[in-house]
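For the record, in the sequence shown the residue sitting at position 92 is 92 according to our numbering, with numbers rising by one throughout.
Glycine included, C-beta positions come from ideal geometry on N, C-alpha and C.
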Amino acid sequence: MTKKRIAIFASGSGSNAEKIAEYFKNHPTIEVSLILSNNPQAGVIARARKFQIPVVLFDRKTFYETDKITELLQNQHIDVVVLAGFMMLIPDEMVKAFPQKMVNIHPALLPKYGGKGMYGHFVHEAVVAAKETESGITIHYVNERYDEGAIIFQTSCPVVSADTPEDVAQKVQVLEHKHYPEVIEKTLNNLTSS
Ligand code: GRF
1 MTKKRIAIFA SGSGSNAEKI AEYFKNHPTI EVSLILSNNP QAGVIARARK FQIPVVLFDR
61 KTFYETDKIT ELLQNQHIDV VVLAGFMMLI PDEMVKAFPQ KMVNIHPALL PKYGGKGMYG
121 HFVHEAVVAA KETESGITIH YVNERYDEGA IIFQTSCPVV SADTPEDVAQ KVQVLEHKHY
181 PEVIEKTLNN LTSS
């Protein structure tokens with residue numbers, strides 16, 4: 001039986017990509033087949049090498065002005081596209097090519113603290129500034145707008161008044177690493193059975 005194939009897009013450190021690669025390393029039916037990045041300096045590249053996962057680097061022009069990346073995903077028989085700290089808006093054509101087959105993780109409880117410019121430390125700073133008593137993660141399908149696709153999974157962590165944005169970031173990252181691989185697995189299994 002051929003395994004279901006995941007492609008991960010990441011622009012930065014890639015700690016989530018690594019957790020996902022680790023989770024599916026010896027998985028009987030699912031594999032991480034490809035890691036793609038727009039950033040040749042991204043930490044995710046070294047992490048991919050560790051798992052011997054092929055890396056594809058591309059530039060902005062290729063991503064937005066050609067269909068090459070969508071075609072590559074199709075030629076590689078990718079079943080699900082996973083965004084893990086990918087900083088570019090996905091072009092319409094690519095979203096359409098993977099209906100309900102592209103997921104993203106956001107480090108807050110959407111619809112709060114989402115949208116353009118709400119990424120990384122900006123999210124956690126806003127959460128602390130608003131004196132929120134909780135934050136968390138949202139895993140959602142991707143559509144043509146930042147952070148607006150249907151929500152698949154959310155879970156929260158407490159935020160206390162002494163927490164700095166870095167403290168919140170740390171709590172949220174623990175949730176991301178724990179849940180993202182499992183939610184991807186479930187999403188793929190639902191695809192198979194439907
Ligand atoms: C994560 O917080 C994720 O929620 C966000 O970008 C960050 C990526 O971190 N979309 P890493 O590169 O996986 O360490």
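Distance between Phe86 and Ile139, taken at the CA atoms: about 14 Å. For Ser15, there is no enclosing beta strand (DSSP E); the residue is found in the alpha helix (DSSP H) stretching over Ser15 to Tyr23. The DSSP-derived three-state label of Gly12 is coil. CA-to-CA, the gap between Leu34 and Lys116 works out to about 26 Å. Apart from the 5 residues on each side of it in sequence, Gln76 sits with its Cβ closer than 8 Å to the Cβ of Arg5, Ala7, Ser33 and Leu34 in its chain, given in chain order. Ligand 1 has a heavy atom closer than 8 Å to the beta-carbon of Gln173. Cβ contact annotation for Ala84 (same chain, cutoff 6 Å, sequence separation greater than five): Ile8, Ala10, Asn16 and Ala17, in chain order.
Bounds of the beta strand (DSSP E) holding Phe153 are Ile151 to Pro158.
For Ala129, the closest alpha carbon among the candidates Tyr146, Tyr180, Gly136 and Thr164 is that of Thr164. The alpha-carbon separation between Thr62 and Ala21 amounts to approximately 26 Å. Secondary structure of Arg145 (DSSP, three-state): coil.
Between the C-alpha atoms of Tyr141 and Ala162 there is a straight-line separation of about 33 Å.
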